[in-house]
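For reference, the structure discussed in these notes is given below.
Following this line, the structure appears as structure tokens:
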């Protein structure tokens with residue numbers, strides 16, 4: 009315990025106290041980084057989805073940065089514009105958004121979207137809600153899909169908005 013106290017007790021000098029305060033502020037500020045700036049939630053969601061797929065003896069989904077960029081853009085647009093829909097305010101559906109981004113070579117495409125402001129494990133909440141929805145579950149468990157891209161944004165009232173695009177690309 010003595011080591012812990014030394015880490016959080018400000019140094020006795022004015023300069024040390026100032027440095028401690030600045031460091032503390034930076035730690036707190038880093039904790040408030042918007043989800044759109046983080047990559048890890050996407051990997052966490054993909055891992056959780058792959059866990060569900062593995063339980064049903066399905067191949068895991070590989071990450072696609074091209075699909076993730078489209079998913080992030082859609083999540084951010086929904087957060088900024090205050091809506092939740094597969095069709096954006098410009099009238100583009102997932103297929104049109106993916107094609108507009110220049111993603112090519114896929115044979116099948118689908119999208120899951122969701123939002124939650126439940127406390128705790130929000131990513132688990134998203135996966136659970138998708139599994140409880142027949143159409144979302146069908147996308148998540150479709151054995152034809154082999155890639156996905158995931159995007160997040162923080163919406164109003166600290167709402168987590170998640171978008172996951174699924175695609176089938178030919179295997180080499």
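In this note's numbering, the protein residues as written are 9 to 180. The C-beta atom is built at its ideal place from N, Cα and C for all residues, glycine as well.
### Message
Less than 8 Å between the C-beta atoms of residue 153 and residue 113, yes or no?
### Response
no
### Task
Leaving aside the five residues before and after residue 89 along the sequence, list all residues of the same chain whose C-beta is less than 6 Å from its C-beta, in chain order.
97
### Message
Please report the distance separating the alpha-carbon of residue 55 from that of residue 131.
### Response
10 Å
### Query
Looking at the structure shown, is residue 117 part of a helix, part of a strand, or coil, going by DSSP?
strand
### Message
Is there a C-beta anywhere in chain B that falls below 8 Å from the one on residue 145?
### Response
In the structure shown, chain B does not exist; there is a single protein chain.
#### Entry: Exposure label - residue 64; buried when at least 16 CB within 10 Å
exposed
### CA nearest to the CA of residue 62, picked from 165, 166, 168 and 151
151
### Candidates 162, 107, 141 and 146, of which the one nearest residue 87 by Cα
162
#### Entry: Exposure of residue 6, with buried meaning 16 or more beta-carbon neighbours within 10 Å
Here the chain comprises residues numbered 9 to 180, so residue 6 is not present and cannot be evaluated.
### Enclosing alpha helix (DSSP H) for residue 82 [first to last residue]
73-89
#### Entry: Range of the contiguous beta strand (DSSP E) that encloses residue 162
155-162
### Message
Just verifying my parser: in three-state terms, what is the DSSP assignment at residue 126?
### Response
coil
### Task
Quick one: give me the first and last residue of the alpha helix (DSSP H) that residue 171 is part of.
Per DSSP, residue 171 belongs to no alpha helix (DSSP H); it is in the beta strand (DSSP E), 168-176.
### Query
Taking the alpha helix (DSSP H) that residue 148 falls in, what are its first and last residues?
142-148
### Query
According to the Cβ coordinates, are residue 93 and residue 125 closer than 8 Å?
no
### Query
From residue 155 to residue 99, what distance separates their C-alpha atoms?
25 Å
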